[in-house]
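Using this note's numbering, you'd call the opening residue of the sequence shown number 2 and step up by one each time. Don't be surprised by glycine CBs; every beta carbon is placed ideally from N, CA and C. The block underneath contains the structure these notes are about, expressed in structure tokens.
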Amino acid sequence: MSTAAAASDPKSESTKGPVESSIRAKLTDLLKPSQLEITNDSWQHRHHAPMRAEGGGNGETHFTINVVSEVFQGKNTMQRHRMIYSALSDELAAGLHALSLKTKTPTETKATEQA
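Laid out in structure tokens, this is it:
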């Protein structure tokens, strides 16, 4: 899913919570991705303490992020992940608990598709 497709679908934007919307905005600004897929996996972790909190927590604690960006060129996986964690430091401090990250360059994506 491209960032343009996600932005043009008002239904999908209205079902996103504030944490997911913030993640999308920050990563789009930082990485200018050709692809950005964000999946809220929090429901799979509903047994964790933050999700059992009074009111059920905010329901936005665990996400899977698949992102393709030229900005990753020349950076190893650790450097790419640090960029994302740094960009989302406010969200992590406010209750975002876990990210599952897949970070690739467009070249890496093409190589994977051709294999």
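DSSP lists N67 as the beta-bridge partner residues of E38. By the Cβ rule, the region 34–41 does not count as touching the region 79–99, because fewer than three pairs are nearer than 8 Å.
Comparing alpha-carbon positions, the option among R81, E71, A116 lying closest to K33 turns out to be E71. In this chain, L100 is not harboured by any alpha helix (DSSP H); it is covered by the beta strand (DSSP E) spanning 99–105. In the DSSP annotation of this structure, K33 is not part of any alpha helix (DSSP H), being labelled neither H nor E. Collapsing the DSSP output to three states places E114 in a helix.
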